[in-house]
Amino acid sequence: MTYGIDISEEEIRWVRLPKGENPAVCGRILLEDNDRSPRRIRQVLKEFFSRERVSRFVFPLCGQGVRARVFASDKVDISELEDNVAWEAKFMLEYNRHRDVLSFDPLRSVGSQTWIVAVAAPLEVIQRKSGLFPKNPTHIETALTALANAVLRSKWGEKDIIILHLDRSRGFLVVVSHGNPILIQEIPRVNLKEARLSEEALSLWHDELKVRRNFLPQDKRRLDHFLLSGEAALVPENARVLGECIDLTGEVFDPFDGVQIECKAGEGVLFPLAYACALRGE
Amino acid sequence: MIQIDLAVRRRPEKLTSLQFLLLFLGILLGTSLIVGIGLILQWNSLNNLADEIGELGVKRDSLEILEAEIIRYKDLKDSHSELMLVMEDARKDTERRLDILRLLRTELEPGMKFLSCRIEPDSVITRCLSPSNVKVARYLEELSRSGLLRVIESEPQGTRQGLIEHRVLLKIQ
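Protein chains in written order, with my numbering: chain A, 165 to 446; chain B, -17 to 155.
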């Protein structure tokens, strides 16, 4: 059984997929306000791994130099495709082979173009984050690709949507068009003070979403829905209001929609990253 | 599903009891295997050594035989050398006796006859017949002049065949 384990500033969220007679389960381990040090997180994870007998797990990597980019390539030959990836990695992701680890995955072909996702992360960050766990991870995702995977596996996967995963101190934005992620961006310096977004916060996020929507190609800006997940989605009103900011219907994104899982009502919105990581490990 | 993987393998910080046990068993089996192979190789080399020792033993025996032969050969050689020395001494002694005998005969004065002589290691006793004592005196004088003999005494023994018989004692020089 593979676990998806998502460590946020305030808590550890985990999802275990069903296997045999074992049902799918998710859970949260709150970290005390006065001790969120790596040593404490390591200790909590060690106890969790021992209690749950975790052998396989995937976790999402984010922040601190983790970069991701989705781009289209008209190359068909794999070596030319790799050249394209190398160019994008060098100039758009500022990939440094002495410092970073690079991974890329060709996605769907649309017309004569192949969409590719490439991510780069500093080796030091990967090792530091991996070092929090008592075992080696089966894979390491990025939070951005995990969020994209969560959407692609849901009923929203074939629609044109923009999703914002907003926790108290981190934010990820993904745009999916016809079953393909076309924009994935991490939003830096997030500081969500209240569960319900204030007027000031709404104004700020309105500008943020409008600017980021402009990163999309002209022909991809027509979207159907705005989805919200994370701690901000615990208040469904936030999704509706933020959607209205960019003239879209806003809804909360529950990755467990249609999935049998032991989860508290309304808390599913917290687990898209952990859930996608668990799926990635299967 | 996007297949992105940034995982970098790292060494586990601690071994579990099972891993430790497996590692221990692995090391034990590996060591036993290496020791076993080593012992087999050692056994083979010991067998080879035993064969070589056997061959060396045979060589040693033949060398001992050769050594005994050499010793015997040396003994024989020494004996041969001694015999050669004895022969040489005997030859010299014989030559000396022949020289003395030749001297005793060639130095006789006309009318004198040589009867016998006995040659000892350091002296000679000879008997001869002479018509006169003067000729015996000349004969003894010639023997002394040779440097080989020195006259100790000359003693008349009577007459035989009308000649005077003399017995002469000479010292070999």
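Even for Gly, the Cβ is constructed at its ideal location relative to N, Cα and C.
How long is the line joining the alpha carbons of residue i and residue j, rounded to whole angstroms?
{"i": "I205 (chain A)", "j": "E174 (chain A)", "result": "10 Å"}
{"i": "V179 (chain A)", "j": "E211 (chain A)", "result": "16 Å"}
{"i": "L125 (chain B)", "j": "R132 (chain B)", "result": "7 Å"}
{"i": "D371 (chain A)", "j": "T(-2) (chain B)", "result": "52 Å"}
{"i": "S98 (chain B)", "j": "L67 (chain B)", "result": "30 Å"}
{"i": "R142 (chain B)", "j": "L111 (chain B)", "result": "8 Å"}
{"i": "E350 (chain A)", "j": "R261 (chain A)", "result": "22 Å"}
{"i": "E244 (chain A)", "j": "L398 (chain A)", "result": "45 Å"}
{"i": "R203 (chain A)", "j": "K374 (chain A)", "result": "40 Å"}
{"i": "V208 (chain A)", "j": "L195 (chain A)", "result": "9 Å"}
{"i": "F420 (chain A)", "j": "P182 (chain A)", "result": "12 Å"}
{"i": "E135 (chain B)", "j": "T76 (chain B)", "result": "25 Å"}
{"i": "D388 (chain A)", "j": "Q1 (chain B)", "result": "53 Å"}
{"i": "R332 (chain A)", "j": "L356 (chain A)", "result": "5 Å"}
{"i": "E49 (chain B)", "j": "L65 (chain B)", "result": "24 Å"}
{"i": "G129 (chain B)", "j": "I53 (chain B)", "result": "47 Å"}
{"i": "E288 (chain A)", "j": "L21 (chain B)", "result": "49 Å"}
{"i": "R200 (chain A)", "j": "K239 (chain A)", "result": "47 Å"}
{"i": "P286 (chain A)", "j": "T278 (chain A)", "result": "26 Å"}
{"i": "E358 (chain A)", "j": "Q228 (chain A)", "result": "25 Å"}
{"i": "S237 (chain A)", "j": "L3 (chain B)", "result": "52 Å"}
{"i": "L45 (chain B)", "j": "I101 (chain B)", "result": "52 Å"}
{"i": "Q382 (chain A)", "j": "G275 (chain A)", "result": "17 Å"}
Looking at the secondary structure, which residues open and close the beta strand (DSSP E) in which residue i lies?
{"i": "Y414 (chain A)", "result": "Checking the displayed sequence, the identity of residue 414 (chain A) turns out to be Gly instead of Tyr. Start and end: T413 to V416."}
{"i": "Y167 (chain A)", "result": "T166 to I171"}
{"i": "H303 (chain A)", "result": "H303 to T306"}
{"i": "L151 (chain B)", "result": "L145 to I154"}
{"i": "I134 (chain B)", "result": "L131 to R142"}
{"i": "G191 (chain A)", "result": "A188 to L194"}
Can you list, in chain order, the residues of its chain with a C-beta nearer than 6 Å to that of residue i? Leave out the 5 residues immediately preceding and following it.
{"i": "P138 (chain B)", "result": "I146 and H148"}
{"i": "E91 (chain B)", "result": "K117, R120 and Y121"}
{"i": "I304 (chain A)", "result": "L225"}
I'd like to know whether the C-beta atoms of residue i and residue j end up nearer to each other than 9 Å.
{"i": "R444 (chain A)", "j": "V222 (chain A)", "result": "yes"}
{"i": "L330 (chain A)", "j": "A284 (chain A)", "result": "no"}
{"i": "D418 (chain A)", "j": "G407 (chain A)", "result": "no"}
{"i": "I193 (chain A)", "j": "F235 (chain A)", "result": "no"}
{"i": "P297 (chain A)", "j": "F379 (chain A)", "result": "A small fix is needed here, since residue 297 (chain A) is Phe in this sequence, not Pro. Not in contact: F297 (chain A) and F379 (chain A) (Cβ atoms no closer than 9 Å)."}
{"i": "L472 (chain A)", "j": "A232 (chain A)", "result": "Residue coverage of chain A in this structure runs from 165 to 446, which leaves residue 472 (chain A) outside it and unanswerable."}
{"i": "D241 (chain A)", "j": "I(-14) (chain B)", "result": "no"}
{"i": "C226 (chain A)", "j": "T306 (chain A)", "result": "yes"}
{"i": "R386 (chain A)", "j": "V354 (chain A)", "result": "no"}
{"i": "C409 (chain A)", "j": "A310 (chain A)", "result": "no"}
{"i": "A312 (chain A)", "j": "I348 (chain A)", "result": "yes"}
{"i": "V106 (chain B)", "j": "L80 (chain B)", "result": "no"}
{"i": "L308 (chain A)", "j": "V423 (chain A)", "result": "no"}
{"i": "L337 (chain A)", "j": "R177 (chain A)", "result": "no"}
{"i": "G394 (chain A)", "j": "P352 (chain A)", "result": "no"}
{"i": "D104 (chain B)", "j": "K153 (chain B)", "result": "yes"}
Considering only residues of the same chain and omitting the five flanking positions on each side of residue i, which have a CB-CB separation below 7 Å?
{"i": "E401 (chain A)", "result": "R360"}
{"i": "V249 (chain A)", "result": "F268, I280 and A282"}
{"i": "L96 (chain B)", "result": "Leu is not the amino acid found at residue 96 (chain B); the sequence shown has Phe there. Here the set comprises L86, R87, L90 and C110."}
Taking the continuous alpha helix (DSSP H) assigned at residue i, which residues delimit it?
{"i": "G20 (chain B)", "result": "S(-1) to T88"}
{"i": "H370 (chain A)", "result": "E363 to R377"}
{"i": "W251 (chain A)", "result": "I242 to F255"}
Please go through the same chain and pick out, in chain order, the residues whose beta-carbon is closer than 8 Å to the beta-carbon of residue i, but skip the five residues on each side of it.
{"i": "L391 (chain A)", "result": "V315, W320, I325, I326, I327, L328, A403, G414, E415, V416 and F417"}
{"i": "S426 (chain A)", "result": "The identity of residue 426 (chain A) in the sequence shown is Glu, whereas the question assumes Ser. For E426 (chain A), where only same-chain residues beyond five positions count, the Cβ hits under 8 Å are P187, A188, V189 and C190."}
{"i": "V405 (chain A)", "result": "L361, L366 and G414"}
**OP:** Report yes or no: do the stretch 11 to 25 of chain B and the stretch 339 to 356 of chain A share at least 3 C-beta pairs separated by less than 8 Å?
**Re:** no
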